[in-house]
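All letters in the sequence shown, in the order written, are residues 1 to 276 by our numbering.
Here a beta-carbon is modelled for each residue, glycine too, at the ideal position from N, C-alpha and C.
Reading through the structure tokens given below for one structure.
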Amino acid sequence: MLIICIMLFVTANVLLDYSFTIFHNSAFYISESLLFSTYWILFIPFLMLQLRWVKQTDQLFLKLIYTSLATVFHLFAYPALVWLLSELFYTHTFSYWQTFNFGLSAYFIKSVIIYGFSLLAFTPFIKKNKILPLTEALEETHETVEEEMQGSEEKIEKKKSIDAILIADSNNKKLLLQVNDILYFSTNSPYINIHHPAKKYLHSETLKALESKLDENRFVRIHKSYIVNLSTIVSIQSRQNGDYDITLTDDAVLRVSRNYAKYFKQNIAILSFRSS
Numbered sequence: 001m002l003i004i005c006i007m008l009f010v011t012a013n014v015l016l017d018y019s020f021t022i023f024h025n026s027a028f029y030i031s032e033s034l035l036f037s038t039y040w041i042l043f044i045p046f047l048m049l050q051l052r053w054v055k056q057t058d059q060l061f062l063k064l065i066y067t068s069l070a071t072v073f074h075l076f077a078y079p080a081l082v083w084l085l086s087e088l089f090y091t092h093t094f095s096y097w098q099t100f101n102f103g104l105s106a107y108f109i110k111s112v113i114i115y116g117f118s119l120l121a122f123t124p125f126i127k128k129n130k131i132l133p134l135t136e137a138l139e140e141t142h143e144t145v146e147e148e149m150q151g152s153e154e155k156i157e158k159k160k161s162i163d164a165i166l167i168a169d170s171n172n173k174k175l176l177l178q179v180n181d182i183l184y185f186s187t188n189s190p191y192i193n194i195h196h197p198a199k200k201y202l203h204s205e206t207l208k209a210l211e212s213k214l215d216e217n218r219f220v221r222i223h224k225s226y227i228v229n230l231s232t233i234v235s236i237q238s239r240q241n242g243d244y245d246i247t248l249t250d251d252a253v254l255r256v257s258r259n260y261a262k263y264f265k266q267n268i269a270i271l272s273f274r275s276s
């Protein structure tokens, strides 16, 4: 499809050159028209290069940098290609800088538009301040869900997680909290906070120690300060820098650090697959 579009642009460019010569009653040389139309052919390698670059990052700023680089490389490569082809196959060699100035005046705006549009086409998931539905956010990980489930089931056989946590309230009354009812855990050194739908409790344990006791298919570390109950997540919002914001059933908003994002998405995909 890309090659067909490029050939259409080349054809249109030649026809425009021909129309221009008729209008100005000047000579038309199809060989030169084709030579200077090679600008459009260069879109093939540079659009592919742009696609390769933007797929390597989730950061919008880097995607814009890569798009700008592809545009600049294209503008500098065009006069080099014209010079080389004219040197090899034409009786007259066209100057690099003369062609560069021509390309800058004739194609700069077109290049910015085309590479900018291609960035939007390559990355349709870049939507500023849009909260993504869980099913949308999990698309990229559903392909490996079955494998993750098998691995998780093997781990469950080897490890038994706790079902409840015994705590003392402010009146030193002992309470038994069901783990699955807990929304999330947060650090409050040297203790941790247990965020329960009823209230927030203080517990004398570290997140690291507690993490090893919890069901890792339901409770996942999302930050050095948080462990969240995956079943309480309502929505996920990308920060466009590798981090995410998640909203829970109690309207609490927590940040998923990029260091934990991959494992978080894998586990929430497994949970989504089990419940579907």
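Query - Per DSSP, cross-strand counterpart(s) of Thr247 - result: Along the sequence shown, read from residue 1 onward, the residue named residue 247 stands at position 247. Paired residues: Ser235 and Val253.
**Report entry** Terminal residues of the beta strand (DSSP E) in which Ala198 lies
**Finding:** Indexing the sequence shown from 1 puts residue 198 at position 198. No beta strand (DSSP E) holds Ala198; DSSP gives it neither H nor E.
Requested in this report: Please report the residue range of the alpha helix (DSSP H) in which Ser111 lies.
Outcome: Residue mapping note: residue 111 aligns to position 111 of the sequence shown, counting from 1. Run containing Ser111: Tyr96 to Phe122, per the alpha helix (DSSP H) assignment.
Query - Sequence-distant residues of the same chain with beta carbon closer than 7 Å to Ser118, five excluded per side - result: Locating residue 118 in the sequence shown gives position 118, where the first residue counts as 1. Leu47 and Gln50, listed in sequence order.
Query raised in the report: Would Ile268 pass as a contact of Val220 if the rule is Cβ separation under 9 Å?
Result: In the sequence shown, counting from the first residue as 1, residue 268 sits at position 268. In the sequence shown, counting from the first residue as 1, residue 220 sits at position 220. Yes, Cβ-Cβ distance for Ile268 and Val220 is below 9 Å.
Query raised in the report: Any Cβ of chain B within less than 9 Å of the Cβ of Leu177?
Result: The structure shown has no chain B; it contains just one protein chain.
Query raised in the report: What span of residues does the alpha helix (DSSP H) with Ala80 cover, start to end?
Result: Position 80 of the sequence shown holds residue 80. Its alpha helix (DSSP H) spans residues Leu60 to Phe89.
Query raised in the report: With a CB to CB cut of under 7 Å and the five nearest residues on each side skipped, what residues in its chain are close to Tyr244?
Result: Looking up residue 244 in the sequence shown gives position 244. Result list for Tyr244: Ile236, Gln237, Ser238, Val256 and Ala261, in chain order.
**Report entry** Segment limits, beta strand (DSSP E) that includes Val54
**Finding:** As a first step, residue 54 must be located in the sequence shown, where it is residue number 54. Unbroken run through Val54 is the alpha helix (DSSP H), Phe43 to Val54; no beta strand (DSSP E).
Report task. Put Asn193 into one of helix, strand or coil per three-state DSSP. Result -> Taking the sequence shown and counting its residues from 1, the one referred to as residue 193 is at position 193. Three-state result, Asn193: strand.
Query raised in the report: Nearest-angstrom Cα distance between Phe102 and Lys55?
Result: Taking the sequence shown and counting its residues from 1, the one referred to as residue 102 is at position 102. Taking the sequence shown and counting its residues from 1, the one referred to as residue 55 is at position 55. Roughly 32 Å separates the two Cα atoms.
Requested in this report: Provide the residue span of the beta strand (DSSP E) that contains Ile165, from first to last.
Outcome: Translated into the one-based positions of the sequence shown, residue 165 becomes position 165. Residues Ala164 to Ala168.
Requested in this report: Can you give me the start and stop residues for the beta strand (DSSP E) that Lys174 sits inside?
Outcome: By one-based count along the sequence shown, residue 174 stands at place 174. Here the beta strand (DSSP E) through Lys174 covers Lys174 to Gln178.
Requested in this report: Return the chain-ordered list of same chain residues with a C-beta closer than 7 Å to the C-beta of Val82, the five sequence neighbours on each side being excluded.
Outcome: On the sequence shown, residue 82 is found 82 positions in, with the first residue counted as 1. Same-chain partners within the cutoff: Leu35, Phe36, Thr38, Phe94 and Thr99.
**Report entry** Neighbourhood of Ser111 by C-beta, 7 Å cutoff - its chain only, sequence neighbours within 5 removed
**Finding:** Here residue 111 refers to the residue found at position 111 when the sequence shown is read from its first residue. Here the set comprises Thr71, His74 and Leu75.
Report task. Indicate the three-state DSSP secondary structure (helix, strand or coil) for Ser227 in the structure shown. Result -> Against the sequence shown, residue 227 aligns to sequence position 227. Contrary to the premise, residue 227 reads as Ile rather than Ser in this sequence. The answer is strand: DSSP assigns Ile227 an E or B state.
Query raised in the report: Which first and last residues belong to the beta strand (DSSP E) in which Ser186 is found?
Result: The residue you call residue 186 lines up with position 186 of the sequence shown. From DSSP, the beta strand (DSSP E) with Ser186 extends over Tyr184 to Asn188.
Requested in this report: From the DSSP output, in three-state form, read off Arg258 for me.
Outcome: The count along the sequence shown starts at 1 and reaches residue 258 at position 258. Correct three-state label for Arg258: helix.
Query raised in the report: Roughly how far, in whole angstroms, is the beta-carbon of Tyr226 from the beta-carbon of Ser186, given that I think they are within contact range, below 8 Å?
Result: The residue labelled residue 226 in the question sits at position 226 within the sequence shown. The residue labelled residue 186 in the question sits at position 186 within the sequence shown. With a Cβ gap of about 5 Å, Tyr226 and Ser186 count as contacting.
Query raised in the report: Using CA coordinates, which residue listed in Ile6, Ile192, Ile30 and Ser212 is at the minimum distance from Lys160?
Result: Your numbering for residue 160 matches position 160 in the sequence shown. Selected option, being the one with the closest Cα: Ser212.
Requested in this report: Please name the residue, chosen from Tyr107, Phe23, Leu120 and Met7, that lies closest to Ser60 on a Cα-to-Cα basis.
Outcome: The count along the sequence shown starts at 1 and reaches residue 60 at position 60. Note that residue 60 is Leu in the sequence shown here, rather than Ser. Comparing Cα-Cα distances from Leu60 to each of Tyr107, Phe23, Leu120 and Met7, the minimum goes to Leu120.
Query raised in the report: Which residues bound the alpha helix (DSSP H) around Ala209?
Result: The residue given as residue 209 occupies position 209 in the sequence shown. It spans Leu207 to Glu211 - the alpha helix (DSSP H) in which Ala209 sits, taken as one unbroken run.
**Report entry** From Leu84, Ile4 and Arg218, residue whose alpha carbon lies closest to that of Tyr263
**Finding:** The count along the sequence shown starts at 1 and reaches residue 263 at position 263. Among Leu84, Ile4 and Arg218, the Cα nearest to that of Tyr263 belongs to Arg218.
**Report entry** Limits of the alpha helix (DSSP H) - the one that Glu32 falls within
**Finding:** In the sequence shown, the residue the question calls residue 32 occupies position 32. Where Glu32 is concerned, the enclosing alpha helix (DSSP H) stretches over Ile30 to Phe36.
Query raised in the report: Tell me which same chain residues have a C-beta within less than 8 Å of the C-beta of Thr232, skipping the five on either side of it?
Result: Here the question's residue 232 lines up with position 232 in the sequence shown. Same-chain partners within the cutoff: Leu183, Tyr184, Leu248, Thr249 and Asp250.
Requested in this report: Give the straight-line distance between the Cα atoms of Tyr107 and Lys63, rounded to the nearest whole angstrom.
Outcome: Against the sequence shown, residue 107 aligns to sequence position 107. Against the sequence shown, residue 63 aligns to sequence position 63. About 22 Å.
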